[in-house]
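Those letters in the sequence shown? Residues 1 to 131, per this note's numbering, in order. Even glycine gets a Cβ: it sits at the ideal position worked out from N, Cα and C.
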Amino acid sequence: GGPPRGASPRVLLASAAESLGEQVVVDWCVRLVLGQERPDDPDLAWLGGTEDWLPYWRRVWGARGLLYVWDDGAVGAVAAALSDEHWRVREMGLKVVRAHGLSQLTGEVADLRADENGRVRAAAERALRSG
């Protein structure tokens with residue numbers, strides 16, 4: 001079956017993990033963040049997305065997916081998100097750090113307190129406080 005229509009990201013990712021396997025979904029989210037999509041990857045509809053998504057949205061949603069499906073092997077992708085050129089990707093990466101308590105990225109998070117974007121700076125402060 002396909003993704004449930006109109007579902008929240010949490011429900012979509014849970015359904016994807018159930019249908020495709022959690023590790024498959026984690027690996028896919030990692031590839032989205034890193035811009036390494038493959039032709040045989042799952043349908044973006046599993047993330048609530050469409051094929052005409054801008055590239056940075058794919059990275060944002062790959063990172064968002066990692067809020068709900070996780071494996072410690074995804075830490076590298078989160079680190080990449082924290083240095084992404086687009087602030088939305090950096091902000092989402094910080095939410096993932098906070099959600100999973102990724103203390104190994106504390107240095108990168110601390111640096112983002114000086115980010116040019118206010119939302120990124122605020123997310124960095126929150127991630128550090130929750131650590």
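**At least three beta-carbon pairs within less than 8 angstroms, the segment 104–111 to the segment 50–64** = no
Give me the Cα-Cα distance between Ala45 and Val11, rounded to the nearest whole angstrom. As a working note, residue 45 is residue 45 in the sequence shown. As a working note, residue 11 is residue 11 in the sequence shown. Between Ala45 and Val11, the C-alpha separation is close to 12 angstroms.
Check: Thinking C-beta only, is Arg126 closer than 9 angstroms to Arg88?
Finding: Taking the sequence shown and counting its residues from 1, one reaches residue 88 at position 88. Taking the sequence shown and counting its residues from 1, one reaches residue 126 at position 126. No, these two residues do not count as a Cβ contact at 9 angstroms.
* Asked: So, helix, strand or coil for Pro3, using DSSP?
  -> The sequence position of residue 3 within the sequence shown is 3, counting from 1. It is coil, neither helix nor strand.
### Message
Would Leu47 and Ala16 be called neighbours here (beta carbons separated by less than 9 angstroms)?
### Response
For the purposes of this step, residue 47 is taken as the residue at position 47 of the sequence shown. For the purposes of this step, residue 16 is taken as the residue at position 16 of the sequence shown. Yes; because the gap between Cβ atoms is below 9 angstroms, this pair is in contact.
Practice item. Would you tell me roughly how many angstroms separate the C-alpha atoms of Arg38 and Cys29, rounded to the nearest one? Key: The sequence position of residue 38 within the sequence shown is 38, counting from 1. The sequence position of residue 29 within the sequence shown is 29, counting from 1. Rounded to whole angstroms, Arg38 and Cys29 show a C-alpha spacing of 12 angstroms.
Using the Cβ count rule (16 or more neighbours within 10 Å means buried), how would you classify Arg5? One-based indexing of the sequence shown puts residue 5 at position 5. Classification of Arg5: exposed, given that the 10 Å Cβ count is below 16.
What does a CB cutoff of less than 6 angstroms around Glu124 pick up in its chain, not counting 5 residues either side in sequence? Taking the sequence shown and counting its residues from 1, the one referred to as residue 124 is at position 124. Note that residue 124 is Ala in the sequence shown, not Glu. Result list for Ala124: Leu94, Val109, Leu112 and Arg113, in chain order.
Taking the alpha-carbon of Gly76 as reference, which of Leu34, Gln23, Glu22 and Asn117 has the nearest alpha-carbon? Here residue 76 corresponds to residue number 76 of the sequence shown, with the count starting at 1. Checking every option, the nearest Cα to that of Gly76 belongs to Leu34.
Among residues of its own chain, excluding the 5 on either side of Tyr100, which ones have a beta-carbon nearer than 7 angstroms to its beta-carbon? Along the sequence shown, one-based indexing puts residue 100 at 100. First, the amino acid is wrong: residue 100 is His here, not Tyr. So the list reads Trp70, once near-sequence residues are dropped.
Practice item. Would you list, in sequence order, the uninterrupted beta strand (DSSP E) runs of no fewer than 3 residues that lie entirely inside the segment 61–130? Key: none
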